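Residue 106 in the working numbering sits at position 116 of the sequence shown; the count goes up by one each step and never skips.
Just so you know, even glycine gets a beta-carbon here, dropped at the ideal spot from N, CA and C.
Every value quoted in this text rests on a predicted model; they were computed, and no experiment measured them.
Just below is one structure, and these are the notes that go with it.
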Amino acid sequence: MTMKRAALLAGILLAAACRGTVPERNAPPEQAISAILIGCKTVLPSGETRNGRIVVNFESEGGRQAEVYRLPVKSGENYLYLIEPGTYRIAPTRSIFGFYQPIMNVVIEGRTYSLPFPRDLLRQHAYEIKPGKITSMGSLEATVMPALPGQKPTIRVRLDDSPQARRNVVQSTIRDMMDPRKSTDVRESALAWSRALQISLMDLLAEEEQRPLYKPAR
């Protein structure tokens, strides 16, 4: 390999690292590795569609030593991504030079919708990703609002991290173990993570039981 090609390859790898890497999906657990579960839902004025795509970053603390992951998700699917343990927050995607991109682009039915990166996602609590465990984040939801005459449609993006949404993602992944329509990788991954999935489900069920049934009067 010539010096010029080596320098070019190094530049490409550096740019990819600045942008963030897509974590391994549906892989069996390794020693001291963790995983997150996240789903996706896209809705048009005519109803829900399975033809949509959203990308966010998932970044740890630590400055230059931080882990920077890109999380691409497609509507109607649940994603089990392998993540290094640590404290993470949802963040905007980055350019190839590592700069945060203030605009989020969501693709639905082949059309790209743009919006400022949602503040609610930036304000989302930090996630403590612990070794050997699965953290269910819930589901990213993009909803296209009906457009008024002469105006462009607007889009809203939020993370549904309610206990029910987080439980649904876990239960759906557990069902994948027995679904012959799913790929072998998905079924084998769910089976390999079965113990961690069951623990995550039990934790979520306990969390729902502890929630108050009514709001106290002020």
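To the nearest angstrom, report how far apart residue i and residue j are at their CA atoms.
i     : j    : result
L61   : V97  : 14 Å
V134  : Q91  : 21 Å
N16   : V176 : 6 Å
E14   : T144 : 33 Å
L194  : G140 : 45 Å
A207  : A196 : Residue placement at A207 cannot be trusted, given a pLDDT of 47 that sits under 50; what the coordinates show is reported in the next sentence. If you take the alpha carbons of A207 and A196, they lie about 25 Å apart.
A5    : S85  : Low confidence applies to A5: its pLDDT is 45, below 50, so where it sits in the model is not reliable enough to give any reading.
L(-1) : E199 : Because the pLDDT of L(-1) is 39, which lies under 50, any placement of that residue in the model is unreliable, and the number read from its coordinates should be weighed accordingly. L(-1) and E199: Cα-Cα distance of roughly 53 Å.
F48   : G66  : 20 Å
C8    : A155 : 32 Å
T163  : K64  : 15 Å
C94   : Y103 : This sequence places Met at residue 94; Cys is not what is there. If you take the alpha carbons of M94 and Y103, they lie about 8 Å apart.
C30   : I44  : 8 Å
R146  : L111 : 11 Å
E51   : T77  : 6 Å
R40   : T32  : 7 Å
E118  : A186 : 15 Å
Between which two residues does the alpha helix (DSSP H) carrying residue i extend?
i    : result
I189 : S184 to Q200
L111 : R109 to L112
What are the start and end residues of the beta strand (DSSP E) that includes residue i?
i    : result
D150 : I145 to D150
I73  : N68 to I73
P243 : The chain is shown from -9 up to 208; residue 243 falls before or after that span and cannot be answered.
I124 : I124 to V134
When you compare the CB positions of residue i and residue j, do they come within less than 7 Å of one another, or not?
i    : j    : result
L70  : L27  : yes
D166 : A180 : yes
I124 : A25  : yes
A116 : R79  : yes
W183 : P19  : yes
L149 : G128 : yes
S126 : S36  : no
V12  : N68  : no
- Query: Three or more C-beta pairs closer than 8 Å, one from the segment 162 to 182 and one from the segment 101 to 120: is that the case here?
  - Reply: no
- Task: Answer yes if the segment 73 to 87 comes into contact with the segment 38 to 58, meaning at least three C-beta pairs across the two stretches below 8 Å, and no otherwise.
- Result: yes
- Segments of 3+ residues assigned as beta strand (DSSP E) that fall wholly inside the segment 3 to 48: 24 to 34 and 37 to 39
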